[in-house]
Amino acid sequence: MRSTEILALALIALVSFGLSYIGATVGLVLGQLRVALLVYVLGSPVIGAATSLAISTAGTLTGTLRHAREGRVSPWLLATVGAPSALAAFLSARWAGSVDARVLKAVIALVLLLTGVSMLRRRPEPTGPSEHVSSRSFAVAAEVVVGAALGAISGLVGLLLGSLRLPAMIRYARVPPPVAVGTNMAIGAVTGLSAGVATFLEGQVHFGAFAVVTPLTLLGANLGARRTGRLDEASLRRWIAWILLLSAALMLCELGVALYRAG
């Protein structure tokens, strides 16, 4: 790699540290900005997305270990949502190079925007002592479908999409926010591992960029996951809502730049 490229990657590593710290606190990865920067530096949307996904996965693994040690990971949701997500991500990542992901990203940004505004405006729904809802069979089917759908999109756009999974777990599955945070990060880890294997097989990961950016990402994820247990649920909800809005804004800006260059 050229010295200018190494310097650019070092700056991306610093940005990634901040993103992974904030993200691990609220159970998200916040890879949108890193994807855009890596695509610019590496000169390829496919390689940039695949490399960012590999970095995100490493960060989520670190955060997941911390959350698991502190009892914030649900094995049930990891099986019903995480396993279908991982399988779908592996399959879709093999086809990522032939899909225009701009429409998908626009839809995702809109959903994030609406969800963030909704979480800020509405009073939180009461959370029960467990993750069960009135119709368990319907809930299980919904968890599997949602996991598979988000996993498939993750493999295409190079994002783990925990920002869509997280509010769904809190609002509809009635999972307490701290457990939703830890479980969402764990699901992101298994999804990213699966998609990462596919992108590695396709030769899409830039190992030099991965080596430069990953260490600070891991450090930020570990420090951020420690902070989760120190936030009360109301504060955690507000953090999640604002991060969703930030994620939506970053994705819309990225799409705007891409459309401007294409035009």
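Converting from the sequence shown to our numbering requires adding 1 to each position, the first position being numbered 1. Using N, Cα and C, we set each Cβ at its ideal position, and we do this for glycine too. Remember, predicted model here, so these are calculated numbers, not experimental data.
Taking Cβ to Cβ, would you say residue i is nearer than 8 Å to residue j?
i, j, result
"Gly-72", "Ser-53", "no"
"Thr-218", "Ser-17", "yes"
"Ala-149", "Pro-85", "yes"
"Gly-117", "Leu-246", "yes"
"Leu-38", "Ala-210", "no"
Can you tell me whether residue i is buried or exposed, with buried defined as 16 or more other CB within 10 angstroms of its CB?
i, result
"Arg-67", "buried"
"Tyr-41", "exposed"
"Ile-48", "buried"
"Ser-261", "First, the residue type needs correcting, since residue 261 is Tyr and not Ser in the sequence shown. Tyr-261 comes out exposed."
"Phe-208", "exposed"
"Ile-7", "exposed"
"Pro-76", "exposed"
"Gly-257", "exposed"
"Leu-202", "exposed"
"Thr-5", "exposed"
"Leu-115", "exposed"
"Pro-216", "exposed"
Over what stretch of residues does the alpha helix (DSSP H) that includes residue i continue unbroken?
i, result
"Met-170", "163 to 172"
"Met-186", "178 to 202"
"Gly-49", "46 to 70"
"Arg-228", "208 to 229"
"Ala-268", "Because residue 268 is not part of the residues shown, which for the chain are 2 to 264, the question remains open."
Leaving out the 5 sequence neighbours to the left and right, which residues in its chain are closer than 8 Å to residue i when beta-carbon positions are compared?
i, result
"Val-147", "Val-82, Arg-166 and Ala-169"
"Ala-153", "Ala-89, Ala-90, Leu-92 and Ser-93"
"Val-145", "Thr-81, Val-82 and Pro-85"
Between which residues of its own chain and residue i is the CB-CB distance below 6 Å, once the five residues before and five after are set aside?
i, result
"Leu-121", "Ala-242"
"Ala-199", "Phe-91, Ala-94 and Arg-95"
Got a sec? Which residues, its chain only, sit under 7 Å from residue i by beta carbon, not counting five neighbours each side?
i, result
"Ala-11", "Val-213"
Checklist entry - Are the stretch 188 to 203 and the stretch 83 to 95 in contact at 8 Å, needing three or more beta carbon pairs? => result Output reads yes: the stretch 83 to 95 touches the stretch 188 to 203.
Touching by the beta-carbon criterion (3+ pairs, under 8 Å), the stretch 230 to 246 and the stretch 10 to 26: The answer is yes - the stretch 10 to 26 touches the stretch 230 to 246, with three or more Cβ pairs under 8 Å.
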